């Protein structure tokens, strides 16, 4: 257990037994304290299926069960805010998809107090500077990311429209913390004109410093000592990141711009080319370079018409609590993604993870609603590296039509190009090219009875080298969902590998066209929601806001509970 959590655990237990008049949230008129909270828990029951790849992990081979749970408690009284979260992991595969992780304890706690213009927070802190490019402490449970800063934050109001903030601490690592010290400061303001055609500015500036601990530095030096003279460098204990940002708003227009710079820092390049005895080897190698990010978003929101334009250039901006960390571990920042967040099963099969070392990208999103019953959405995105190699391209078009009051139709098509070799580190695989039409039908029998049907088909372009589709080839998806509000929802779906590709499983010497069925039952009563699912799921990549991780094939049952109080 983290040393910082022990005294706070004692405090919370002490508070629980004090003879105070405590009331629930639904009685705010009382002068006593208020307590609230939430529960989220998932339980997976694994059924081995080697044909789809649901095998050869501890869960499928012997454990057969895995679970995660988070219980949040919040209490406020005497002008203080207290928070506590209990985390539990039993044979969980969230931390590492091919391994098993178990642990339990105090996952988060905090104490907050406002003293005149000064805000004080101690404990586990979630915050960011600007859009998060140089610092963001956040949580994404589906990816088991929890990069809370364990330390102290002070915020001081400099008048009505300006605020300065400073923080220091260490980054959370499961139930412990990394050793490197993180500290930063930011200044945020707001400026407005007083005329009829008012405009506003929201400028800001931030600095973050990371000081490596001796153990991390010694480990880094030992690796560098194995490098040849052309690749070795002198690492630095201290690295600084600077950012300046501003939002300009006038009427229906809004423009955000941010530019960030990071001093030379050791970072891992997974695609570095190293020459050893005349042979070129591509793979992990530490480099030390300065980094930059430039990001801008221009948007217009009219009554019937909306437009958003985004652009970003990233170079050498891998920013971690220690350079040895890879994937989603130890990240200190968040670089905004430049691809659409798709929701349908097949349109979201291929996702563009943010490229920290080199990315030049843009995105345009157009929305038009000529009437209350009809609307259109067109999205275009293009991502390439700094050597002009295409990483991702998407063209997405969608129409929503409401017929009378009880029928809604959504239809559209998506075109994707996806560099699987870069995003999933699969060498010598072809570029994935897909066309995915989709259709959704909603019909309300009564205000409480709703039927929803989805149909999608992912056409995969063939790979001329093997006369098969790239990856798993072409897919079909069909789902029916029936809701009996306010309590019940039933759903049944099937994902069919209609035309197998090079990665599809082989049985008796032939590519196997498999079915991946799914059945869900949801029950909601007041603030509690229960779900039971039977799932067969193909392997893929799961992304949240440009942050991605490998999702292995799944076969079995899943039970989940969420509750708020």
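In the working numbering, the protein residues as written are 6 to 570. Heads up, the beta-carbon is just placed ideally off N, CA and C, and yes, glycines get one too. Computed from a predicted structure; not experimentally measured.
Out of the options, point me to the one whose CA is closest to residue i's CA.
i: residue 482; options: 435, 503 and 472; result: 503
i: residue 211; options: 115, 417 and 134; result: 134
i: residue 1; options: 259, 359, 465 and 474; result: No information on residue 1 is available, as it lies outside the stretch 6 to 570 that the chain covers here.
i: residue 307; options: 499, 262, 256 and 429; result: 256
i: residue 291; options: 382, 331 and 282; result: 331
i: residue 544; options: 415, 349, 526 and 355; result: 355
i: residue 529; options: 494, 252, 338 and 397; result: 494
i: residue 500; options: 225, 422, 542 and 429; result: 542
i: residue 424; options: 402, 410, 394 and 448; result: 394
i: residue 265; options: 321, 414 and 144; result: 321
i: residue 144; options: 520, 336, 434 and 314; result: 336
i: residue 96; options: 129, 130 and 48; result: 48
i: residue 434; options: 371, 457, 416 and 507; result: 507
i: residue 170; options: 188, 178 and 183; result: 188
i: residue 191; options: 141, 218 and 183; result: 141
Kindly indicate the opening and closing residues of the alpha helix (DSSP H) around residue i.
i: residue 222; result: 219-229
i: residue 190; result: Element bounds for residue 190: not the alpha helix (DSSP H) but the beta strand (DSSP E), 186-194.
I need the DSSP call for residue i, collapsed to helix, strand or coil.
i: residue 550; result: coil
i: residue 232; result: coil
i: residue 543; result: coil
i: residue 147; result: helix
i: residue 427; result: helix
i: residue 342; result: coil
i: residue 67; result: helix
i: residue 32; result: No answer about residue 32 holds up, because its pLDDT of 42 lies below 50 and its placement is not dependable.
i: residue 52; result: coil
i: residue 292; result: strand
i: residue 254; result: strand
i: residue 334; result: coil
i: residue 129; result: strand
i: residue 310; result: strand
i: residue 156; result: strand
i: residue 538; result: strand
i: residue 83; result: coil
i: residue 391; result: coil
i: residue 557; result: coil
i: residue 163; result: coil
i: residue 533; result: strand
i: residue 37; result: coil
i: residue 411; result: coil
i: residue 17; result: Residue placement at residue 17 is flagged as unreliable, the pLDDT there being 45, under the threshold of 50; the coordinate-derived value follows with that caveat. Three-state result, residue 17: helix.
i: residue 100; result: coil
Compute the distance between the beta-carbons of residue i and residue j, then report whether it is under 8 angstroms.
i: residue 343; j: residue 368; result: yes
i: residue 583; j: residue 185; result: No information on residue 583 is available, as it lies outside the stretch 6 to 570 that the chain covers here.
i: residue 454; j: residue 406; result: no
i: residue 288; j: residue 301; result: no
i: residue 138; j: residue 244; result: no
i: residue 52; j: residue 560; result: yes
i: residue 558; j: residue 59; result: yes
i: residue 384; j: residue 364; result: no
i: residue 460; j: residue 444; result: yes
i: residue 76; j: residue 40; result: no
i: residue 586; j: residue 103; result: Lying before the first or after the last residue shown, residue 586 is absent from the chain, which here runs from 6 to 570.
i: residue 132; j: residue 180; result: no
i: residue 224; j: residue 273; result: no
i: residue 99; j: residue 56; result: no
i: residue 388; j: residue 420; result: no
i: residue 570; j: residue 532; result: yes
i: residue 295; j: residue 319; result: no
i: residue 176; j: residue 413; result: no
i: residue 111; j: residue 87; result: no
i: residue 130; j: residue 159; result: no
i: residue 496; j: residue 525; result: yes
i: residue 277; j: residue 293; result: no
i: residue 523; j: residue 509; result: no
Along the chain, where does the beta strand (DSSP E) containing residue i start, and where does it finish?
i: residue 397; result: 395-408
i: residue 175; result: 167-178
i: residue 447; result: 437-451
i: residue 476; result: Premise fails: residue 476 is in no beta strand (DSSP E) and is neither H nor E.
i: residue 329; result: Careful: residue 329 lies outside any beta strand (DSSP E) and carries neither H nor E.
i: residue 499; result: 493-505
i: residue 522; result: 520-530
i: residue 581; result: Since the displayed the chain opens at 6 and closes at 570, residue 581 lies outside it and no answer follows.
i: residue 207; result: 204-216
i: residue 459; result: 454-465
ask   = Curious, which full-length beta strand (DSSP E) runs of at least 3 residues does the region 352-386 contain?
value = 363-373
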